[in-house]
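Here's the structure, in structure tokens; my notes come after.
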Amino acid sequence: MALLGLQGWRIVRISFMAKSKYHTFNTNAQSKGHFIAEKFRVEQHFPGFRCEIKRNHLLCQGVITPAEGCDSYHIKIDYAFLSIPLIYITNPKITPNIEYHMYGDGSLCLYDHREAPWSAKLMLHETIIPWTAEWIVFYELWKITGEWLGSAALHDVNKKILEANTR
Amino acid sequence: MLSTRRVVLDDIIESLDVPISAYEAAEKRYMDIGDWLNDAMKAKCASFSPHVFTQGSFRLGTVTRPWKREDYDLDLACKLQEGITKLTSTQEELKVLVGADLEKYRQERGIQEELEEKHRCWRLYYQDDLQFHMDIVPAIPEATDQRRVLSERMIESGTEAVLARDVAEHAMAVTDDRHPKYAVITLNWQVGNQEGYALWFESRMRQAQKFLEEKMAKVDDLPAYRWKTPLQRCIQILKRHRDMMFEDDPDGKPISAIITTLAARSYNGESDLESALSTIIENMDSFVNPSKPRVPNPVNPHEDFADKWPLDTKLERNFWSWLEQLKNDFASLNQSDNVQLITETALGKFGAKIDESKIQKIGVLLPKAVAINSGAARTTSNGTIGTTGVENRPHKFYG
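One line per chain: the protein sequences are A and B, in this order.
The first sequence maps to residues 1 to 167 in the working numbering.
The second sequence maps to residues 1 to 399 in the working numbering.
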């Protein structure tokens with residue numbers, strides 16, 4: 001695992017090194033600085049979350065109980081630098097289904113990446129965590145009603161296309 | 001929009017709906033009778049091209065699970081399509097002809113219970129996986145000029161001409177042993193047109209365009225009981241409420257024909273059960289005429305489904321008190337802050353046991369969902385949606 005991580009890191013480094021040695025160093029520093037600030041903000045606003053920075057990844061874990069009588073959701077955010085944050089529910093185990101906006105790998109589809117793509121300027125505590133809290137509310141309601149009651153991009157369009165094709 | 005009541009109504013439907021297998025069992029029953037009656041080696045009816053088909057709630061797809069009893073009412077017609085007319089036979093002769101065959105059928109199938117004669121039909125009990133009592137109405141096609149009169153009457157009372165003609169095509173002449181000319185030749189038989197009524201009912205269901213478009217591609221290929229439209233659901237709920245309210249006075253209860261007709265007339269194409277039921281309950285009374293016919297049969301406007309009201313004033317009183325009670329109970333289901341009232345009403349008035357914790361959960365989660373969708377949500381420091389904390393930014397779930 002460690003070796004693999006190192007190799008991955010090396011490739012990233014090489015791709016940047018090709019441009020400028022100085023730039024690579026700077027990016028690394030930026031990532032560290034950015035993630036330290038992010039870690040601070042997440043833990044400040046959501047004391048139930050714990051974050052760590054590991055090999056250019058910011059990992060945040062916390063538990064959200066949407067309401068009394070509902071499940072407690074263990075959340076893991078895996079945010080690699082220059083990439084997009086991936087959000088997983090580690091417990092309870094949920095079978096991925098696009099009906100409740102969960103990709104095949106189990107990560108949540110919290111935003112429309114075409115209309116409003118992820119940007120490094122966006123902060124986890126203002127976006128990903130509140131949106132995950134919303135996701136949990138809608139998922140709990142989905143379990144009762146079988147309907148996704150939140151706003152959804154594409155969803156309806158997809159459904160229509162699917163229906164048209166099965167006719 | 002989701003409401004606690006909507007979820008409760010879905011649970012009520014689940015508790016009173018009958019499985020598709022019940023419809024299939026019914027189908028098997030009447031197909032068997034139909035096949036038997038068409039067998040010239042066995043049945044006298046066979047030479048008159050008998051056609052056996054469902055009527056009533058099995059035809060309309062509005063059957064409710066029987067309340068506190070086991071057997072289903074299965075209404076059937078046995079139409080002799082050729083060779084018998086009002087000029088050649090009396091009502092009595094037709095009734096006896098069909099009855100004799102059904103008696104033979106009963107013996108061949110080893111049905112223990114006696115064949116029972118009713119005013120307009122024969123009743124046959126049948127039991128295998130499910131218990132049925134089948135009311136079989138002997139009939140012949142209505143004469144052409146009579147059909148034309150029916151069609152004209154329907155058009156006069158506001159039915160579209162195409163539908164009126166289609167519907168009138170199915171009109172039948174039926175027997176009734178209370179008829180003064182039951183045993184003599186007469187052209188003046190009673191009219192029965194349950195198949196036409198079903199077509200009219202389907203036209204009312206088809207108002208749910210949005211529902212039908214989303215639900216299925218080819219409604220036309222499916223029997224009505226597979227449509228499961230909001231109108232059918234509403235009628236199931238209304239009938240269950242009535243059955244429970246008049247549990248101790250079954251003869252005094254508002255009849256299904258009245259409930260179904262008023263509900264179908266009131267229905268306005270709503271695509272979800274709750275708003276459909278809301279519209280129906282609110283408007284049903286406006287379709288009861290102040291004078292005769294009080295509740296006209298939509299496919300035979302001179303026939304009054306409420307013709308017994310003047311004979312027994314209790315019946316009309318019961319109808320109005322039922323509607324009043326229904327309004328109250330429907331409102332009670334909407335008291336989302338009173339979980340106990342909701343579960344008690346669902347159980348006591350609609351016979352459905354509702355999971356209390358589920359209702360409680362919806363009561364807490366729904367306001368959160370509403371806040372999120374209206375842009376008013378915040379996320380508290382423990383990560384729950386509330387009114388304090390980080391403001392939730394607008395976004396769309398993708399996928």
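Where is the CB? At the ideal position from N, CA and C, for every residue including glycine.
Small disclaimer: the values here were computed from a predicted structure and weren't measured.
Quickly, what does DSSP pair Arg41 of chain A with across the bridge? List them, please.
None; Arg41 of chain A has no bridge partner.
Going by DSSP, what residue range makes up the beta strand (DSSP E) through Pro394 of chain B?
Careful: Pro394 of chain B lies outside any beta strand (DSSP E) and carries neither H nor E.
Quick one, which residues of the stretch 355-370 of chain B are near chain A if we go by CB-CB under 8 Å, in chain order?
Ser357, Lys358, Gln360, Lys361, Ile362, Val364, Leu365, Leu366, Lys368, Ala369
Just list the beta strand (DSSP E) runs in the stretch 68-135 of chain A, keeping only unbroken ones of 3 residues or longer that don't cross its boundaries, in chain order.
73-80, 85-91
Taking DSSP as the reference, what is the three-state secondary structure of His57 of chain A?
strand
Just verifying my parser: in three-state terms, what is the DSSP assignment at Ala168 of chain B?
helix
Along the chain, where does the alpha helix (DSSP H) containing Lys79 of chain B start, and where does it finish?
Lys79 of chain B -> not in any alpha helix (DSSP H); beta strand (DSSP E) instead, spanning 72-80.
Ignore the nearest five residues each way along the sequence and tell me which others in Ile255 of chain B's own chain have a CB closer than 6 Å to its CB.
Correct list: empty, nothing qualifies.
Would you report the Cα separation of Leu2 of chain B and Leu366 of chain B, rounded to the nearest angstrom?
8 Å
Run down chain A in chain order and give the residues with a C-beta less than 9 Å from the C-beta of Ile385 of chain B.
Pro66, Ala67, Pro130, Ala133, Glu134, Ile136, Val137
Measuring CB to CB, does Thr388 of chain B end up less than 8 Å from Ile64 of chain A?
Note that the C-beta distance between Thr388 of chain B and Ile64 of chain A is not below 8 Å.
State yes or no: is the C-beta of Gln91 of chain B within less than 8 Å of the C-beta of Ser49 of chain B?
No; because the gap between Cβ atoms is not below 8 Å, this pair is not in contact.
Under the assumption that Ala80 of chain A contacts His57 of chain A (Cβ atoms under 8 Å), give the Cβ distance between them as a whole number of angstroms.
Contact between Ala80 of chain A and His57 of chain A is confirmed by a C-beta separation of about 5 Å, below the 8 Å threshold.
In the DSSP assignment, find the alpha helix (DSSP H) that holds Asp304 of chain B and state where it starts and stops.
Unbroken run through Asp304 of chain B is the beta strand (DSSP E), 300-304; no alpha helix (DSSP H).
Looking at C-beta atoms only, is the number of pairs between the stretch 293-308 of chain B and the stretch 250-268 of chain B that lie closer than 8 Å three or more?
yes
Quick one, are the C-beta atoms of Lys349 of chain B and His241 of chain B less than 8 Å apart?
yes
Which of helix, strand or coil does DSSP assign to Glu406 of chain B?
Residue 406 of chain B lies beyond the stretch modelled for chain B, which goes from 1 to 399, so this question has no answer here.
His133 of chain B bridges to which residues according to DSSP?
B:Asp73, B:Tyr125
At least one CB of chain B closer than 8 Å to the CB of Leu124 of chain A: is that the case?
Answer no: the Cβ-Cβ gap between Leu124 of chain A and chain B never drops below 8 Å.
Taking DSSP as the reference, what is the three-state secondary structure of Asn289 of chain B?
Here Asn289 of chain B sits in coil by DSSP.
Just to make sure I have the definition right: I need the residues of chain A whose C-beta is within less than 9 Å of the C-beta of Asn373 of chain B. Which are they?
Leu149, Gly150, Ser151
I want to verify the contact list: residues of chain B whose CB lies under 7 Å from the CB of Ala116 of chain A, in sequence order.
In chain order: His395.
Mark Leu97 of chain B as exposed unless 16 or more other C-beta atoms lie within 10 angstroms of its C-beta, in which case mark it buried.
buried
Taking the runs of the alpha helix (DSSP H) that are 4 residues or longer, which of them lie wholly in the stretch 223-269 of chain B?
230-245, 256-266
Skipping 5 residues on each side, what residues in its chain have a beta carbon closer than 7 Å to that of Val184 of chain B?
Thr90
With 16 other CB atoms within 10 Å as the buried threshold, where does Arg29 of chain B fall?
It is buried - the Cβ of Arg29 of chain B has at least 16 other Cβ atoms within 10 Å.
For a contact meaning CB atoms closer than 8 Å, what does Glu140 of chain A contact in chain B?
Lys361, Leu365
Mind checking Met31 of chain B: buried by the 16 CB within 10 Å criterion, or exposed?
exposed
Whose Cβ in chain A lies nearer than 8 Å to the Cβ of Ser4 of chain B?
Residue identity differs from the one stated: residue 4 of chain B is Thr in this sequence, not Ser. None at all; the shortest Cβ gap to chain A is about 10 Å.
Give, in chain order, every unbroken run of the alpha helix (DSSP H) that is at least 4 residues long and sits entirely within the stretch 304-385 of chain B.
Secondary structure in the stretch 304-385 of chain B: the alpha helix (DSSP H) runs of 4 residues or longer, each lying completely within the stretch, are 313-332, 339-350, 356-373 in chain order.
If you reduce the DSSP assignment to three classes, tell me which class Ala161 of chain B lands in.
Helix at Ala161 of chain B.
When the Cα atoms are used, what is the spatial distance from Ser381 of chain B to Val390 of chain B?
8 Å
Starting from the beta carbon of Ser15 of chain B, find every residue of chain A whose beta carbon is closer than 9 Å, and list them in chain order.
Residues of chain A passing the Cβ test: none, with the nearest at roughly 16 Å.
If you run the structure through DSSP and keep just helix, strand and coil, what is Glu142 of chain B?
coil
Within 10 angstroms of the Cβ of Ala171 of chain B, are there 16 or more other Cβ atoms? Answer buried if so, exposed if not.
buried
Do Thr279 of chain B and Asn268 of chain B count as a contact pair if the criterion is CB distance below 8 Å?
Yes, Cβ-Cβ distance for Asn268 of chain B and Thr279 of chain B is below 8 Å.
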